[in-house]
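Per UniProt numbering, residue 1 is the first one in the sequence shown, and the count goes up by one each step.
Beneath this line is the structure, given in structure tokens, with notes to follow.
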Amino acid sequence: MIVKSALQASQSVYRESVESGDYYMRPLKAGQFLRILDLQGNQAADTLFYSEADPTERYSAIDTVREQGNVYLTAGTVLMSTENNPMLEITADTCGRHDTLGGACATESNTVRYALEKKCMHACRDSYLLAVAENENFGMSKRDITHNINFFMNVPITPEGGLSFEDGISDAGKYVELQAKMDVIVLISNCPQLNNPCNAYNPTPIEVLIWD
Ligand SMILES: [Zn+2]
């Protein structure tokens, strides 16, 4: 569902550009809005959310899909936690569909999906592991890296119930915006994937903006 935001970039309280292969990890307070902007189009933003008060409570794809009765995420979707609490709501979306089934890319999945020699290629899971190691203050470790959201990624379910990774439907300037319903930690890996069309084989930067 396409819903435009009324928020102006000039009114934002925080802006950060995130290169592909880099991560973003910062708190977002209850009531604040977060926009993830696909600057050049066809990028994938692999994203995790945690309760800031207790990071063992975190985003749950399973509870989110069950509560909304839909496997795709878009405006109106309430992201649920592993304790079945509402964490954030998608308040605006100019892309229209986001994936939460395909998972973040990892050296292991690159090996299985593509070729053995892809093992050494940088993957989102590497960026997640670096993020939790460089930000010990959040009290998280490798075990906290679980199932995620792939914003802007097009992963349709086939009639047989399988997953297919298709060309992105995002474009330069498209964005998704969320409002926090609790204090959360946002962890985004801007995907460096070169083997599937999630970012058109050309990883590009994204921008993150926050409003009070
Ligand atoms: Zn990735």
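Heads up, the beta-carbon is just placed ideally off N, CA and C, and yes, glycines get one too.
Quantities reported herein were computed from a predicted structural model and do not represent experimental measurements.
Which word fits residue i, buried or exposed, when buried means at least 16 other C-beta atoms lie within 10 angstroms of its C-beta?
i: Met-87; result: buried
i: Val-13; result: exposed
i: Gly-173; result: exposed
i: Ile-206; result: buried
i: Glu-57; result: buried
i: Tyr-157; result: The question names Tyr, yet the displayed sequence has Ile at residue 157. Classification of Ile-157: exposed, given that the 10 Å Cβ count is below 16.
i: Arg-35; result: buried
i: Asn-137; result: exposed
i: Ala-180; result: buried
i: Asn-70; result: exposed
i: Val-112; result: exposed
i: Ala-115; result: exposed
i: Gly-168; result: buried
Between residue i and residue j, what straight-line distance do the alpha-carbon atoms span, to the nearest angstrom?
i: Lys-119; j: Asn-196; result: 15 Å
i: Met-182; j: Glu-117; result: 42 Å
i: Phe-165; j: Gln-8; result: 33 Å
i: Asn-110; j: Gln-193; result: 9 Å
i: residue 239; j: Asp-144; result: With the chain running from 1 to 212 in the structure shown, residue 239 is simply not present.
i: Gly-31; j: Glu-83; result: 20 Å
i: Leu-209; j: Tyr-175; result: 10 Å
i: Leu-178; j: Gly-139; result: 24 Å
i: Cys-95; j: Ser-170; result: 5 Å
i: Val-132; j: Tyr-50; result: 12 Å
i: Thr-100; j: Ser-10; result: 31 Å
i: residue 213; j: Gly-161; result: No statement about residue 213 is possible, as the shown extent of the chain runs from 1 to 212 and does not include it.
i: Ile-62; j: Asn-202; result: 30 Å
i: Asn-199; j: Asp-54; result: 33 Å
i: Ala-6; j: His-98; result: 21 Å
i: Asn-135; j: Tyr-128; result: 11 Å
i: Ala-75; j: Cys-105; result: 25 Å
i: Arg-26; j: Glu-52; result: 10 Å
Whose C-alpha, out of the options, is nearest the C-alpha of residue i?
i: Leu-28; options: Leu-39, Lys-4, Glu-89; result: Glu-89
i: Thr-91; options: Thr-56, Ser-17, Met-1; result: Met-1
i: Glu-16; options: Val-184, Ala-106, Asp-38; result: Asp-38
i: Asp-93; options: Asn-199, Ile-36, Val-3; result: Val-3
i: Leu-130; options: Glu-207, Val-71, Ser-5, Gly-21; result: Gly-21
i: Asn-190; options: Ala-6, Ser-5, Ser-10, Val-18; result: Val-18
i: Ala-123; options: Asn-135, Glu-108, Glu-134; result: Glu-108
i: Thr-146; options: Tyr-23, Ser-5, Leu-187; result: Leu-187
i: Arg-66; options: Glu-134, Ile-185, Leu-79, Ala-106; result: Leu-79
i: Asp-126; options: Asp-54, Lys-142, Arg-113; result: Lys-142
i: Val-184; options: Tyr-72, Asn-70, Ser-81; result: Ser-81
i: Val-155; options: Leu-73, Met-25, Thr-77; result: Leu-73
i: Tyr-23; options: Trp-211, Thr-204, Asp-212; result: Thr-204
i: Asp-212; options: Thr-77, Arg-26, Phe-33; result: Phe-33
- With a floor of 3 residues, list each beta strand (DSSP E) that falls wholly inside the region 125-207, ordered by position along the chain. Counting only runs of 3 or more, we get 149-151, 174-180, 184-190.
- Report yes or no: do three or more beta-carbon pairs, one from the region 146-166 and one from the region 41-57, lie closer than 8 Å? Counting Cβ pairs under 8 Å, three or more are found: they touch.
- Query: What are the start and end residues of each continuous alpha helix (DSSP H) run of 4 or more residues lying completely inside the region 50-101, in chain order?
  - Reply: Scanning the region 50-101 for uninterrupted alpha helix (DSSP H) segments of 4 residues or longer gives 61-68, listed from N- to C-terminal end.
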